[in-house]
DNA sequence: ATATTTCTTCTACATTGTAGAAATGTCGGA
DNA sequence: TCCGACATTTCTACAATGTAGAAGAAATAT
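Rendered as structure tokens:
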């Protein structure tokens, strides 16, 4: 099982968003979460294509949510990080941590 | 001063490496540091092209180091993060921190 | 029916990541 | 002084990721 995945920056942020959103992790909401939390503007297209690629790589999975729609709106596609995705996330975080260990710098 | 830079994953790691290496931050050494610390294999070409791009963006600067060469070997090109680069680094770190805030997950 | 709303798909291009071979400059010894 | 071994950087090319926005689809209410 070649498990040498490396997450890009945006992929990293997206998986983090999925973890915090849980069952409410669908495209539009993910985008909103990123804009609010990370303070970073993104287009909805950017979010979906990244999500699709993560799914292709098996780091994320998706399924159609029940028709929750209260007043108009299409069925949601809910995303969830797979365990493989979580491992990839952990490796990325760890790499960063290792690089930061004991490091301080002047602004 | 448009200061909306976003660091890619590798760029992020490279700048961290520069900070920890200080005056010893030249290509080969940067590569070595990344392999050891981050546990990630990289080619020397990958390191240099990323460094070059960071320099073009003004996030890093470089100068030729004195001919330290003790037994053979060409002069080193020493790299250093600019203050703009450090700001970019801080923004990236902050974005990630914000996304992680209060988050826990099961492996 | 159709307008309105919410959400997803598709298409296209820009930026970053990645590798490896080729080039460059330095040193010690024949 | 020419040569071989070395350490380091430069160049070239392509793959993967980031990014945007317009177009399409499904649901509700009137």
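Residue numbers (the working numbering), protein chains in the order written: chain A, 59 to 165; chain B, 59 to 165. Just so you know, even glycine gets a beta-carbon here, dropped at the ideal spot from N, CA and C.
Shown here, residue 135(B) sits in a strand according to DSSP, grouped into three states.
With 16 or more neighbouring CB atoms inside 10 Å of its own CB, residue 146(B) falls in the buried class. Within chain B, the C-beta atoms nearer than 9 Å to that of residue 96(A) come from 152, 153, 154, 156, 157, in chain order.
With a threshold of 8 Å between beta carbons, residue 67(A) makes contact with chain B. Within 10 angstroms of the beta-carbon of residue 117(A) lie 16 or more other beta-carbons, which makes it buried. Residue 88(B) has no beta-bridge partner at all, per DSSP. About 5 Å separates the beta carbon of residue 156(A) from that of residue 95(B), a gap short enough to meet the 8 Å contact definition.
Taking 8 Å as the upper bound for CB-CB distance, residue 84(A) and residue 136(A) are in contact here, some 5 Å apart. Taking 8 Å as the CB threshold, residue 165(A) lines the interface with chain B. The Cβ atoms of residue 91(A) and residue 75(A) sit closer than 8 Å to each other.
Going by C-alpha positions, residue 148(A) is about 31 Å away from residue 114(B).
Assigned with DSSP and collapsed to three states, residue 122(A) falls in strand.
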